[in-house]
Amino acid sequence: MSDNSRENQGRYSLRDLPRHDYRGQLRGLHIFRESYTSVDTEDCTEVEESLITGVSDPMEQLAAALASLAKLQEEAQRQAEERRREEERRREEQAEERRREEERRREERAEERRREEERRREEAQKQAEERRQEEERRREEAQRQAEERRQEEERRREEAQRQAEERRQEEERQRERHYEEIQAMQEQHMQQIEIMKGVLAEREGNSPHLKISPYQETEDIQDFIEAFEGIMKIQGVNRTNWILRLTPLLSGKARTVCTDLGTTTDYDGVKKAILEHYNINTERCRRKFRSHVWTRDQDPTDWIARGVKLVKRWLVPENGMEQVVNKIAVEQLLNGLPQEMRIWVTSQNPETPEKVGELIESYDTAHSCLPQRNRPKQDHGRSKEFPRKTEGSTGNKKERKSPSVITCYKCNRKGHIARN
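Residue numbers are given in our numbering: position 292 of the sequence shown equals residue 292, and the series is strictly consecutive.
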């Protein structure tokens, strides 16, 4: 026998077992290894080797291997339980840590929100205080400005009242002066007529056949017509025959106008046509009177007489006080209109304030040149009547003396009167 045979003699191994038992043991071992994968391979190898070489009795060897495997299984279960517990503990610690971190973050966010809300609240309070102070300042400024405007309006109202009172007083004085001038002109006119009647009657023996010098182109046609009318009145000629007396005395353009009218006996129509041909009307007389300025090369007496004549031609005192008042009122109203409107309204020759109002409305409707708030109000009746002459209004004034000097009706020079 070889040394190996001697050395292995008396020992039992799996090879000595029956073939089927050997395979059954190995199959059981492999099943165990597959069932308990948590047992290390090295441990299983040691168990396998112990099954082969460790125990002489195969049954004991298998039992020992199973016992070792059971211990290994218990150890593996214990380690798995420890790992599970460790993993559970770590998860709990991590969850707790996350919970604490989340709680800390929530607290930090809550604290941050609280601080932000506090800051916003303080900022809102500060802004509200600033707005309150600004509103208070604006309110005080508005009150101050309102007070200034009130004082300014009060001052303007007082100034307007003062100016209105001054204008009223000035208009009152002008009306009184106009009234006195008109009365004086009427008195002077009547006195001149009486003087003319007396002088002509005295010098001509009250002859009804006074002669008038023919009209010359260099003369004032209106002066000539007024002189002609005065002679006709003195001679007592019927007005229907005046045109027969006037036509032979005319020359030039005036004669042409009279001839163009034919054989009419309407003296007023002929007179109107002649004056219109020479562009002579009350408006022209008014402008000439307003522009009647004295110069040193003029005789004061002649200048005054010429001014009085222009006033008479403009106002025509014989027409009555109402017409005179209308002319003065129309002039003042026209002066208060804008330039373009004044030119147009004046061209229509309005004779009454009511007509001026109608023309203003017509112009405003046609041209729409005036804003609504500036449009003059239509007043079909004079709001202020022309003040009548009373004893109280002239009681403190000196009476105007009647002129005692004779004034020529033709050349307006004093001290003589024109003859044939």
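We put the CB at the ideal spot given by N, CA and C, even for glycine.
Remember, it's a predicted structure, so these values are computed and weren't measured experimentally.
Residue i vs residue j beta-carbon contact at 7 Å
i: threonine 265; j: isoleucine 243; result: yes
i: isoleucine 182; j: glutamine 222; result: no
i: valine 325; j: phenylalanine 289; result: no
i: isoleucine 231; j: valine 257; result: no
i: glycine 307; j: histidine 292; result: yes
Whole-angstrom C-beta distance between residue j and residue i, which should lie under 8 Å
i: isoleucine 212; j: leucine 249; result: 6 Å
i: alanine 329; j: proline 350; result: With 8 Å as the limit, alanine 329 and proline 350 do not qualify as a contact, their Cβ atoms being about 10 Å apart.
Chain D contact for residue i (CB, 7 Å cutoff)
i: glutamate 148; result: The displayed structure is made up of one protein chain only, and chain D is not part of it.
Cut-off 7 Å between Cβ atoms - residues of its own chain near residue i, not counting five sequence neighbours on either side
i: arginine 388; result: Here the model assigns arginine 388 a pLDDT of 37, short of 50, so the residue's position is not dependable, and the following value carries that caveat. Cβ within range, chain order: n/a, list empty.
i: glutamine 145; result: none
i: lysine 271; result: Ile225
i: glutamate 130; result: none
i: glutamate 101; result: none
Chain-order list of residues whose beta-carbon lies under 6 Å from that of residue i (same chain, five-residue window excluded)
i: glutamate 166; result: none
i: phenylalanine 224; result: Tyr215
i: arginine 155; result: none
i: glutamate 112; result: none
Cβ neighbours of residue i in the same chain (closer than 8 Å, five flanking residues each side left out)
i: tryptophan 314; result: Thr282, Cys285, Arg286, Phe289 and Lys327
i: tyrosine 267; result: Arg239, Thr240, Trp242, Ile243 and Leu246
i: glutamate 217; result: Ser251, Gly252 and Lys253
i: glutamate 103; result: none
Report task. Evaluate the contact criterion for the region 297–309 versus the region 335–349: three or more CB pairs, one atom per stretch, below 8 Å. Result -> no
Query raised in the report: Just checking, does the region 335–342 make contact with the region 249–264 on the three C-beta pairs under 8 Å criterion?
Result: no
Requested in this report: Mind listing, in chain order, the continuous alpha helix (DSSP H) runs of no fewer than 4 residues lying wholly within the region 206–264?
Outcome: 221–235, 242–246 and 252–260
Query - Length at least 4, wholly inside the region 290–361: the alpha helix (DSSP H) runs in chain order - result: 300–315, 321–335 and 339–347
Query raised in the report: Taking the runs of the beta strand (DSSP E) that are 3 residues or longer, which of them lie wholly in the region 114–195?
Result: none
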